[in-house]
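Numbering (this note's numbering), first residue to last: 1 to 122. Heads up, the beta-carbon is just placed ideally off N, CA and C, and yes, glycines get one too. Computed from a predicted model, the values in this text were never measured in an experiment.
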Amino acid sequence: MGISYYANYFTWFEAARTEYFRALGLPYTECEKKGYFLPVVETHAKYRHPSTYDDLVIVRTSVSEMTKAKLRFEYQVFNKASGILLVTGFSLHVFVDASMRLVRIPEDVESRVTVFKLLTAG
């Protein structure tokens, strides 16, 4: 069929989210070393245009919601060559400790996300 497998978009979301944290100066591995984790509790994708197996894509990632214990990431996936929007989506994450108990967003994460949102707005 030549069309990208639908679940690949969720893999791209994860890679983009990982790079978002790296851009904050908080690689996900550092978060784990500090004892907090961000499991996915909900995810969604709306397919707008098909991509094919050899397409290069760009994923724009932003935090659209931040509460005491959760982050909601929004994604837009574009075909790099044409600029066509392929898919939009989101993932919702909660912060937990090593025993999977819900915890507040660490202050350093909260402040970095807030500053990053201000710097990248517009």
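Quick check: what's the CA-CA separation for residue i versus residue j?
i, j, result
"Leu-102", "Ala-16", "24 Å"
"Glu-14", "Arg-60", "12 Å"
"Ser-64", "Tyr-75", "10 Å"
"Val-115", "Lys-34", "21 Å"
"Thr-120", "Ile-84", "22 Å"
"Thr-52", "Glu-110", "37 Å"
"Arg-104", "Cys-31", "13 Å"
"Phe-21", "Phe-73", "11 Å"
"Leu-71", "Phe-10", "16 Å"
"Gly-2", "Pro-106", "43 Å"
"Ser-99", "Pro-39", "12 Å"
"Arg-48", "Ser-82", "14 Å"
Taking the CB atoms as reference points, tell me whether residue i and residue j lie closer together than 8 Å.
i, j, result
"Gly-89", "Ala-45", "yes"
"Asp-123", "Asn-79", "In the structure as shown, the chain begins at 1 and stops at 122. Residue 123 is therefore absent and cannot be evaluated."
"Thr-87", "Val-94", "For clarity, residue 87 is Val in the given sequence; the question names Thr instead. Going by C-beta atoms, Val-87 is not nearer than 8 Å to Val-94."
"Phe-37", "Val-96", "yes"
Answer with buried or exposed for residue i, where buried requires no fewer than 16 other C-beta atoms within 10 angstroms of its C-beta.
i, result
"Val-41", "exposed"
"Tyr-5", "exposed"
"Ser-91", "buried"
Can you give me the start and stop residues for the beta strand (DSSP E) that residue i sits inside?
i, result
"Phe-13", "Run containing Phe-13: none in the beta strand (DSSP E); it sits in the alpha helix (DSSP H), 8 to 23."
From the DSSP secondary-structure annotation, give me the bridge partner or partners of residue i.
i, result
"Phe-37", "Val-96"
"Lys-70", "Val-94"
"Tyr-75", "Thr-61 and Gly-89"
"Glu-42", "Leu-92"
"Ile-3", "Thr-52"
"Leu-26", "Beta-bridge pairing links Leu-26 to no other residue."
By the DSSP assignment, the alpha helix (DSSP H) with residue i in it spans what residues?
i, result
"Ser-51", "From DSSP, Ser-51 is part of no alpha helix (DSSP H); its letter is neither H nor E."
"Leu-119", "107 to 120"
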